[in-house]
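Visitor:
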Amino acid sequence: MKRIIAVLILMLVCCPVEAKMEPASAKAKSVQRATQKEINAVMQQHTKYIRENNFEAISQLYAPQFFNSDGYNQEEFLKRVKATWLVFPAMDYDVRIKNIDCSDRFAMVEVYEQMSKASEDVPGLGAADIFSAANTVYYLEKTGDDWLIYAEQLVDEKLILRVDDARFMKMDLTAPAMVGVGTSYSAILNVDASEDISMYAVISNAKVVDLKPAKGEIFRQLPGSNTLERVLNANKDGTNEYAIAHAVLQKTDKTKNGGWAFVMTKVTVVKAAEDENAK
81 MKRIIAVLIL MLVCCPVEAK MEPASAKAKS VQRATQKEIN AVMQQHTKYI
131 RENNFEAISQ LYAPQFFNSD GYNQEEFLKR VKATWLVFPA MDYDVRIKNI
181 DCSDRFAMVE VYEQMSKASE DVPGLGAADI FSAANTVYYL EKTGDDWLIY
231 AEQLVDEKLI LRVDDARFMK MDLTAPAMVG VGTSYSAILN VDASEDISMY
281 AVISNAKVVD LKPAKGEIFR QLPGSNTLER VLNANKDGTN EYAIAHAVLQ
331 KTDKTKNGGW AFVMTKVTVV KAAEDENAK
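If you count the sequence shown from 1, you need to add 80 to reach the working numbering.
1) Beta-carbon separation of Ser266 and Gln330 under 7 Å?
2) Per the contact definition of three or more C-beta pairs closer than 8 Å, is the segment 204 to 221 in contact with the segment 242 to 252?
3) Got a sec? Which residues, its chain only, sit under 8 Å from Gly260 by beta carbon, not counting five neighbours each side?
4) Which runs of the beta strand (DSSP E) spanning at least 3 residues fall entirely within the segment 153 to 240, listed in chain order?
5) With DSSP collapsed to three states, give me the class of Phe299.
6) Does the segment 295 to 313 come close enough to the segment 216 to 231 that 3 or more CB-CB pairs lie under 8 Å?
7) What residue does the beta strand (DSSP E) around Glu321 start on, and which one ends it?
8) Take the Cβ of Thr216 as the centre, count every other Cβ of all protein chains shown within 10 Å, and call the residue buried at 16 or more, exposed below.
9) DSSP has Ala341 in a bridge; who is on the other side?
10) Under the rule that 16 or more other beta-carbon atoms within 10 Å means buried, what is Val289, buried or exposed?
11) Rounded to whole angstroms, what is the Cα-Cα separation between Tyr322 and Phe186?
12) My assumption, with CB atoms under 8 Å, is that Ile119 sits in contact with Cys182. Please give the rounded CB distance.
13) Give a yes or no on whether the C-beta atoms belonging to Thr345 and Leu253 are separated by under 7 Å.
14) Cutting at 8 Å between CB atoms, please list the residues of its own chain near Ile298, excluding the five before and the five after it.
15) Suppose you measure from the CA of Ala114 to the CA of Glu232; what does that come to, to the nearest Å?
16) Which residue comes first and which comes last in the alpha helix (DSSP H) that contains Phe135?
17) Leaving out the 5 sequence neighbours to the left and right, which residues in its chain are closer than 8 Å to Tyr152 when beta-carbon positions are compared?
18) Between Val235 and the rest of its own chain, which residues show a CB-CB distance below 6 Å, the 5 nearest in sequence each way excluded?
19) Between the Cα of Ala342 and those of Asn285, Asn320, Gly304, Lys316, spot the shortest distance and give me the residue it belongs to.
20) Does the Cβ of Gly338 have 16 or more other Cβ atoms within 10 Å, making it buried, or fewer, making it exposed?
21) Check for me: the beta strand (DSSP E) holding Ser284 runs from which residue to which?
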């Protein structure tokens with residue numbers, strides 16, 4: 081790495097470059113504004129189709145070669161969209177565009193998006209609510225006259241599913257947004273529980289592409305602070321994962337469970353670039 085930097089410095093010293101910075105022409109700015117308007121229109125369609133659960137329409141916005149940062153291709157990604165809508169149809173969806181960077185062919189759109197839904201009769205769950213929030217980057221390419229989403233990157237994401245009495249409690253799971261492969265990191269669950277509730281929870285992690293309930297894990301009662309911490313080991317193959325907390329509520333009279341919840345926080349797992357000095 082040091083050798084590369086030294087070569088770059090030598091090139092700058094030996095080959096000075098004089099460049100005149102010309103301001104963008106009025107025509108270029110006009111073209112860019114028109115392109116941003118097209119991108120905004122596509123994102124508005126995207127929002128509309130999600131709110132309507134219009135699977136056929138939303139599918140048309142994703143390019144056949146689509147992939148996302150968690151390793152899903154177009155077919156796998158859309159399959160999960162449909163499955164989510166079957167369990168939680170007509171979710172409230174809000175999106176805020178933070179930035180659009182575009183050329184005449186490619187565009188990058190940074191957004192913050194939220195989804196939520198509360199229902200008294202969720203199939204297989206009963207009374208439940210769900211909330212998710214994410215900072216997402218959409219990558220679009222113009223093909224013919226159409227802009228299509230060809231890639232998606234989830235910068236960070238949080239999902240909370242609460243059932244029965246857990247719906248009325250605030251919960252949060254904090255974990256680092258990015259870690260190195262095989263490294264250790266801390267995940268902390270915080271619950272705002274009343275005195276007549278006993279909380280039991282387990283914290284684990286699982287790859288995004290292979291989410292399975294933790295087996296053989298022991299639920300631990302949360303102390304008076306209603307905080308539980310666990311050190312997790314990131315996977316060693318560079319696959320993104322979730323830190324997951326599964327919490328169970330029990331009334332102090334122990335006559336019945338008060339409900340349960342899953343809280344998930346996305347953790348991006350990256351491989352460190354090989355240092356040339358180590359060769």
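Each residue gets a CB set at the ideal place from its N, CA and C atoms; glycine is no exception.
Remember, predicted model here, so these are calculated numbers, not experimental data.
Guide: Inspection of the coordinates gives the following:
1) no
2) Using a C-beta cut-off of 8 Å, the segment 242 to 252 makes contact with the segment 204 to 221, since at least three inter-stretch Cβ pairs fall below that distance.
3) Ala314, Val349, Val350, Lys351, Ala352
4) 172 to 182, 186 to 202, 206 to 223
5) coil
6) no
7) 321 to 331
8) Thr216 is buried by the Cβ-count criterion.
9) Beta-bridge pairing links Ala341 to Arg242, Ala327.
10) exposed
11) 30 Å
12) 6 Å
13) yes
14) Here the set comprises Val282.
15) 23 Å
16) Segment 135 to 139, the alpha helix (DSSP H) holding Phe135.
17) Arg160, Val289
18) For Val235, the CB contacts under 6 Å within the same chain, skipping 5 residues up- and downstream, are Asn215 in chain order.
19) Looking at the sequence shown, residue 342 is not Ala but Phe. Taking only the C-alpha atoms, the option nearest Phe342 is Asn285.
20) buried
21) 277 to 287
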